[in-house]
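Each residue of the sequence shown is one higher than the one before, starting from 0 at the first, in numbering that gives the first Met the number 0.
For each residue, glycine too, the CB sits at the ideal point set by N, CA and C.
In this text, all values refer to a predicted model and were calculated from it rather than measured experimentally.
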Amino acid sequence: MWVIGIVVLFVGVILVICYPINKSKNNRCTAETQGILENIQARFNSKGSAKPMHVYSYQVDGVSYELRTLDYSPQVAYVGDACTIWYNPDKPQDAQAYRGSDKYLKTLLYIGLAMIPLGILLTILGYAM
């Protein structure tokens, strides 16, 4: 049971840490342009499992940029589909294909905050048993 507690605690901490990062990215990337999903590549982690890396192309003021991200745009289903890309007007290469709403981000924050004490409690109970 203590292993479950550690996992719940870890996921809660990750959700809490991700909130200010995603909020900051949303605050920076305020301008929009149209992009195209150019490719989906396999990105392997240290354990050898693959995650899809989405490659988007977009243009700002006539300059072409490429966005490589593990995030995907819910607007696209296939390579070649168009979607909205949000970018930083001061630094157009700083971009994102998915922009979580404030309500969505706060929901994840609250879930993370609830998971931390639950994880601690489960860990303590697991060791006590």
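On the three-pair Cβ rule with 8 Å, is the segment 27 to 41 touching the segment 78 to 86? Flag = yes, the segment 27 to 41 and the segment 78 to 86 touch.
Please name the residue or residues paired with cysteine 82 in a DSSP beta bridge. Beta-bridge partners of cysteine 82 (DSSP): Gly34.
State yes or no: is the beta carbon of lysine 24 nearer than 8 Å to at least one beta carbon in chain D? Here there is only one protein chain, and chain D is not present.
Beta-bridge partners of serine 56, as assigned by DSSP: Paired residues: Ile35 and Glu65.
Going by alpha carbons, who is nearest to tyrosine 64 out of Tyr71, Tyr55 and Ala113? Nearest C-alpha to tyrosine 64: Tyr55.
Assigned secondary structure, lysine 90 (DSSP; H/G/I helix, E/B strand, else coil): Three-state DSSP puts lysine 90 in a strand.
Does the segment 104 to 122 come within contact of the segment 0 to 19, defined as at least 3 CB pairs closer than 8 Å? The way I'd put it, the segment 104 to 122 does touch the segment 0 to 19; three or more beta-carbon pairs between them come closer than 8 Å.
My output table needs one value for lysine 102: the three-state DSSP class, helix, strand or coil. In this structure, lysine 102 counts as helix in the three-state DSSP scheme.
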